[in-house]
Structures are given as structure tokens and as C-alpha cells.
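One structure is given below, encoded as C-alpha cells.
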Amino acid sequence: MSEIVLQTKGLKKHFPITRGIVFQSKVGAVQAVDGVDLELRRGETLGIVGESGCGKSTLARLLVGLETPTAGEINVRGQDMTKLRGGDLRRARRNIQMVLQDPYTSLNPRMTVGDIIGEPFEIHTDVVPKGDRKARVRDLLDLVGLNPDHINRYPHQFSGGQRQRIGIARALALKPEIIVCDEPVSALDVSIQAQVINLLEGLQEELGLSYIFIAHDLSVVRHIADRVSVMYLGRVVETGRDLEIYEQPTHPYTQALLSAVPVPDPTLRGHRDQIVLEGDVPSPANPPSGCRFRTRCWKAQQKCTDEDPMLTLRPKSAHASACHFAEVRDVVHAVD
Amino acid sequence: MIMRDPAAVACLAYIALIVLMAVCAPLIVRISGWDPYEFDQSAIDPDLGGIPLTGGGRGWGGISGEHWLGVEPGSGRDIFARIVYGARASMLIALAATLLTTVLGVVFGLLAGYFGGRTDMVISRVMEFLMAFPALIFMIAVLSALPADDRQYLLVVVISVFGWPYLARLIRAQTMSLKQREFVEAARASGASRAQIVFVEILPNLRSTILVMVTMAVPGYIGTEAGLSFLGVGLVPPNPSWGQMIASSVSWYSVVPAYFLVPGTFLALLVLAFMVLGDRVRAAVDPGGLL
Chain A
0 MSEIVLQTKG LKKHFPITRG IVFQSKVGAV QAVDGVDLEL RRGETLGIVG
50 ESGCGKSTLA RLLVGLETPT AGEINVRGQD MTKLRGGDLR RARRNIQMVL
100 QDPYTSLNPR MTVGDIIGEP FEIHTDVVPK GDRKARVRDL LDLVGLNPDH
150 INRYPHQFSG GQRQRIGIAR ALALKPEIIV CDEPVSALDV SIQAQVINLL
200 EGLQEELGLS YIFIAHDLSV VRHIADRVSV MYLGRVVETG RDLEIYEQPT
250 HPYTQALLSA VPVPDPTLRG HRDQIVLEGD VPSPANPPSG CRFRTRCWKA
300 QQKCTDEDPM LTLRPKSAHA SACHFAEVRD VVHAVD
Chain B
0 MIMRDPAAVA CLAYIALIVL MAVCAPLIVR ISGWDPYEFD QSAIDPDLGG
50 IPLTGGGRGW GGISGEHWLG VEPGSGRDIF ARIVYGARAS MLIALAATLL
100 TTVLGVVFGL LAGYFGGRTD MVISRVMEFL MAFPALIFMI AVLSALPADD
150 RQYLLVVVIS VFGWPYLARL IRAQTMSLKQ REFVEAARAS GASRAQIVFV
200 EILPNLRSTI LVMVTMAVPG YIGTEAGLSF LGVGLVPPNP SWGQMIASSV
250 SWYSVVPAYF LVPGTFLALL VLAFMVLGDR VRAAVDPGGL L
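Following this line, the structure appears as C-alpha cells:
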């Protein structure tokens, strides 16, 4: 196995809920991310899936340093990012860059493409000498499949897919090892999604990048990810290689999530094990005790209320699963 | 695009004319032959209380080849020269006040919008106080209490102090919305400093707002200056000012209406020209929202 490039330990982000204007008092906390352990190896893609509000985007923002974690460590190349300050932090950030979700708001409309992609060089002035910057920007445009002669155009002159390529070029500018993609294709047309995914895969092969790929589209994640982590209410509930997660899910939440994926084959419709969850996701400001999924789980017992299940290997689960009663249930294939 | 609009071109031409008049005032006055402080007793009729002489080649209000726009009743000072110098005072005060309000408004608006929290609270309360304050009464009180020399600087300062919150409030709101955009996040994620985010990412996106507010502010300040001078707390005689001329023409309006009409027309046209131009600029830079 290749070396680990990124590792988080017990990563937490709690947003305080305050009351009062002049004299603010803390009345609670939204536990957006609550104890996430991840490992990312060189050249690997880790997919993170989960429904809206489960903390995927907050996790991404923590990893690139847009939010300061409440607790926990983010280790990149043996350095804990959360402890770095000033110049050291700025240098460490070069190594972990981000591709944002919406290509329409993620590019400054008043800047040319050359300025947008070259901006990281203005911030990290010691990476590329001033005279070489323009050439480097042209190389980057070429790398992501855009015409280098379009360097002086403005973002509104490009289509959504091209804009996302510009976003990718910007993320690549500082030659990072890790790229965090926060729903990079969910704002694009399906036909364009494939192009961008293929570009990301090609770049990974060419440059040996590691991706954290966040999405709510399970089929996109299945296509690109080597390993998958499933999140629910700020925690990882199941993690494993993509085949393990998709073919042999052991956590009830993962099973429910996968059973909701539409089937392209109409003859299989209705012959599949469909799990319909009841109720809503509990508030992250007041999560349930013990297992967080127990309020919607059909397997829930007293043990689930009393004891918080660890994300670990289980007797009936070959990969880590945070369920006391983890058991394989095939929800993807037809059962007659 | 703005150059193809006849109204905008006419407004620009008029503004250019007034600016030229203001800049070259001493030269123009030398050509016209009368300086603004010079009394011409031969142009007025002392038996009739000093109304401008008419007849004998002189038109309405004493307009003649010698005095292009007539003479001031009572003193016989050349109105054209006083209009030219008045334009100078008017433009200088309006432009300086606009510059100062823009700087104050942009800086405080950016600070309040970007940093939020306590900074925003302090700046917003100050703005609300200034906007709720009876500014005109305060201006009259302050200006009449303070010494009259260097009145123009005082005018600029007083107008700006009460003017900046209107721009700052707009800038604050736009900054608050801009800083949530993903491109600001992207810059932060690549490690940009606060100054880089504010000046490279946010400020260029405020350009059209600032431009429109500035073209709308200039006529407002021209009007304010004229109004204060009219009330006798602006520029003090013998310094010429359009507002002051209108004020002194009030007692003559039935006998010498030209004295009232000339500065009134210049002032009204200048304010109108800036207003129309501001509107056209807004339409040109902001065709249905930002890009």
C-alpha cells in the first residue's frame, strides 16, 4: 500500500448557537462534523457520500482550512495543519487545494481567466518567478483541455463545463498533492459531468493526485472512487473499498441509501429490496444518544440507545461499519 | 455605447463646458474684459436704484457686447464673470465633497461588510445616527458659528460627514453578499490575505455601484452647495457663487428677471446634466445586474 498523504483524527466542527446581541451567550452547538477519522493514500480517490446536511461540505471546508476545527487533527505530510499559523500555514495550504461546486459563482466575474488561474501565484509569490507566470498559466489551461489563447477572456464567455475546468486549473496551479472536490459536477449537465470526471481521472493518473471526492450522486462516486466513506449526521458510518460498499453494505443507512438509487432496467423495477426510511434527519444541534441513526433504523434496540457504535470491523462486516448489528444485505441486485 | 446616446452626449458636452469654464476662469475673464469683483457704474442707472441700463445697444438686464450676460443690479458687476467663477467654486466643492464621501463610504462600507460583528455594529450605528440627524439644520448652525475664512474647505468637510453613510450602506450590503460568493472562498482556500481578498476580489466587483453612486452624488452636492450659499452659510461675498447670486436676485426679480434667470438656468442645467448622465451610466455599466 502506498503512503498516507492525509489523515484526520477525531475531527470535529461545532458551530455555536448564540442568543443575545450585546451580551452573547452560547445556548448550544450544531455538531456539523463530529469526530471524523479519514485516511487518504497517494494516488487514491476517497469518495464521501451522504444526504444534504450530513456535514460533507463542512468536512471539505475543514480540510482546506476555510474553517477552524473545534477539535481533532489534520495531518498532511506529518504536519498537523490545525496547529500551523501564519507563513507555515500558508505554505502547507499549497499542498491541499479545492475545486468548488458552482462554476458560476466560483470564478470572479471581474477577473480574466489568466488572473484567476494566476492568482495563487500572486499569493504564494515564491512558487513561480514573475516572468514565468503567464507561461505557467497557459500550460495549466492546456492541461485541463482549454485553449491557452483564451487567457484574456472573462468567465462569462465560457460554458459551465469550461468554467469548471478553469476551477480545476486554479486548484492545480500550486502543484498540490491533494485536491478536495466538493460536489464538482453536481451543477453541470449530465453530458458535461462525464467529461469533467474523465478529466479529473486523467489528471490523477498524470500527476499522481489524491482526491477527496464529495458528492451526493452515488453513481458518480462509484465511478471515480477507490474507497468510499458514508456520512450521516456529522459522522462516518461505514467506510471501505467501493465494491465493498456498493455490493456488500453492512450499515443500515448505507443499505437504505443504495436502495434509493434509481434502476435503469425497467424489468427490474419492483423486484428489488427497497428500504424506505421514515422520519427526518434529527437536528445536528441535538443528535440522538448512542447510535445517531437509531431513530430511523428498523434494527434499533436498547443497545443502540445506550452505546455509541464505533467505526470498526464487525463479525459480519469485512470493512469498518458503525453498527452494532452490521450485516450484509444486498440491496443493489434484484431479489425475486 | 454611451457615446451613441444623444442625451448622454449633450449632458457630457454641457458638463465639459462648465468644467472648462471652471478650469480656465481667469483666462476667460481676461477675454471677456471684466473680472468678477469689478464695479461698473456706467452700466447701471443710479437714479433708479441701480437697475442695469437698457437701450442704446444694451438688451434685457444690461446684456451687451461688453457685458455678455448683463450686469448685477446695484453694483454693476459683470454677471458672466461671476458665473464663470461661480462654476469654479461650485464644481470644486461638489467634486471634492464627492471624492471625500466616496473614500469614506467605500472604506467604512467595506470594513463593516467584510469584518461584520462588532466593527459592523459600531459603523452601522454611526451611520444611522448621521442619517437620522437633521443634517441641514446642523450644517447651517455649524457653518454660521465657525469663522468665514476658508469656508469652502469647511463646506466640503460638513457635506462629506453627512453624505458618506448613504454610499457606505450600499457598499456594506454588497460586500456582505460578495464575501459569501464561492470565488472569495476559493481565494481564502488558496491562502489569500484579508487585504488581497478585499482589494483584489471584492473591490473590483463594486466598481459599477461606486461609479453610479458618484455620478448621482455630484449633482446632489452641487445643489447642496448652492442651497447653503443661498441661505447665506455657504461661500461668503464677495466670492461669487451661483446660490448666492440667486439669493441676491430675489429682491430684484420683478424689475430685473434676467439676474435671476441666468444663474438659475446654469445651476438647473448642470444638475440635470449630471442626473441624466448618472442614469445613463447606470444603464450602461449594469445591464440587468452584474455579468
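The listed protein sequences correspond, in order, to chains A and B. Counting in numbering that gives the first Met the number 0, the first sequence runs from 0 upward without gaps. Counting in numbering that gives the first Met the number 0, the second sequence runs from 0 upward without gaps. Note that beta-carbon positions come from the ideal geometry of N, C-alpha and C, so glycine has one too.
Item	Value
CB isoleucine 50(B) to CB valine 255(B), shorter than 8 Å?	yes
Measuring only the C-alpha atoms, how far is leucine 256(A) from isoleucine 244(A)?	11 Å
Taking CB distances under 8 Å as the criterion, tell me whether leucine 106(A) reaches chain B.	yes
Let me know the secondary structure DSSP gives glycine 46(A) once reduced to three states.	strand
For chain A, find out if any of its Cβ atoms is closer than 8 Å to the Cβ of alanine 283(B); answer yes or no.	no
Can you find a CB in chain B that lies within less than 8 Å of the CB of glutamine 96(A)?	yes
For lysine 11(A), which residues does DSSP report across the bridge?	Asp33(A) and Ala70(A)
Quick one: list the residues of chain B neighbouring valine 99(A), beta-carbon separation under 7 Å, in chain order.	Note that residue 99(A) corresponds to leucine in the displayed sequence, not to valine. By Cβ distance, chain B contributes Glu181, Glu184 and Ala185.
Can you pull out the residues from the segment 117-143 of chain A whose beta carbon lies closer than 8 Å to at least one beta carbon of chain B?	Glu118, Pro119, Glu121, Ile122 and His123
Below 8 Å between beta carbons: does that hold for glycine 108(B) and alanine 147(B)?	no
Hey, leucine 62(A) and serine 228(A) are a contact pair by Cβ (cut 8 Å); roughly how many whole angstroms apart?	Not quite, the Cβ-Cβ distance comes to about 13 Å (not below 8 Å), so this is no contact.
Quick one: Cα of arginine 90(A) to Cα of aspartate 181(A), how far?	22 Å
Leaving out five residues on either side along the sequence, give the residues of the same chain with a beta carbon under 8 Å from the beta carbon of lysine 298(A).	Pro251, Cys322 and Phe324
Can you tell me the Cβ-Cβ gap for proline 203(B) and arginine 109(A), rounded? I've got them flagged as a contact below 8 Å.	4 Å
Quick check: is the beta carbon of leucine 208(A) nearer than 8 Å to any beta carbon in chain B?	no
Against chain B, with Cβ distances strictly below 8 Å, would arginine 89(A) count as a contact?	yes
Would you verify that the beta carbon of glycine 112(B) is, or is not, closer than 8 Å to some beta carbon of chain A?	no
Going by DSSP, what residues sit across from aspartate 44(B) in a beta bridge?	Ile50(B)
Taking the alpha carbon of leucine 58(A) as the reference point, which residue from Leu199(A), Gln192(A), Phe212(A) and Ala317(A) has its own alpha carbon closest?	Phe212(A)
Around the Cβ of glutamate 71(B), are there at least 16 other Cβ atoms within 10 angstroms (buried) or fewer (exposed)?	buried
Suppose the cutoff is 8 Å on Cβ atoms and the five residues either side in sequence are ignored; what does the same chain contact list for methionine 152(A) look like?	Looking at the sequence itself, residue 152(A) is arginine, so the reference to methionine does not match. Excluding positions up to five away in sequence, the list reads Thr111 and Val112.
Using a threshold of 8 Å, state whether the C-beta atoms of asparagine 32(A) and lysine 12(A) are closer than that.	It should be pointed out that residue 32(A) corresponds to valine in this sequence rather than to asparagine. Yes; because the gap between Cβ atoms is below 8 Å, this pair is in contact.
How would you list, in chain order, the residues of chain B whose beta-carbon sits under 8 Å from the beta-carbon of arginine 169(A)?	Ala185 and Ser189
Among the residues of its own chain, which have a CB less than 6 Å from the CB of tryptophan 33(B), if the five just before and after it don't count?	Asp77 and Ala80
So what's glycine 166(A) in DSSP terms, helix, strand or just coil?	helix
Can you tell me where the alpha helix (DSSP H) holding arginine 150(B) begins and where it ends?	150-177
Within the continuous alpha helix (DSSP H) that includes alanine 317(A), where are the two ends?	Unbroken run through alanine 317(A) is the beta strand (DSSP E), 316-320; no alpha helix (DSSP H).
Shortest alpha-carbon distance to valine 217(B) belongs to which of Val125(B), Ser240(B) and Met90(B)?	Met90(B)
Rounded to whole angstroms, how far is the Cβ of leucine 268(B) from the Cβ of tyrosine 13(B), which I believe are closer than 8 Å?	6 Å
I need the straight-line Cα distance from alanine 191(B) to glycine 64(A), nearest angstrom please.	12 Å
Count the other C-beta atoms from every protein chain shown that fall within 10 angstroms of the C-beta of leucine 290(B), then say buried if there are 16 or more, exposed otherwise.	The pLDDT assigned to leucine 290(B) is 37, lower than 50, so where the model puts this residue is not dependable; a value taken from the coordinates is nonetheless given after this. It is exposed - the Cβ of leucine 290(B) has fewer than 16 other Cβ atoms within 10 Å.
So which residues on chain B does arginine 92(A) lean against when the C-beta distance must stay under 9 Å?	Ala188, Ser189 and Gly190
Can you confirm whether glycine 85(A), when its beta carbon is compared against all beta carbons of chain B, has any partner nearer than 8 Å?	no
Given a cut-off of 8 Å on the beta-carbon distance, is the pair glycine 134(B) and phenylalanine 161(B) in contact?	What sits at residue 134(B) in the sequence shown is alanine, not glycine. Yes.
Could you work out which residues of chain B lie near leucine 65(A), taking near to mean beta carbons separated by less than 9 Å?	Glu184, Arg187 and Ala188
Tell me which residues share the same chain as valine 261(B) and place their Cβ nearer than 6 Å to its Cβ, disregarding the 5 neighbours each side in the sequence.	Leu68 and Ile78
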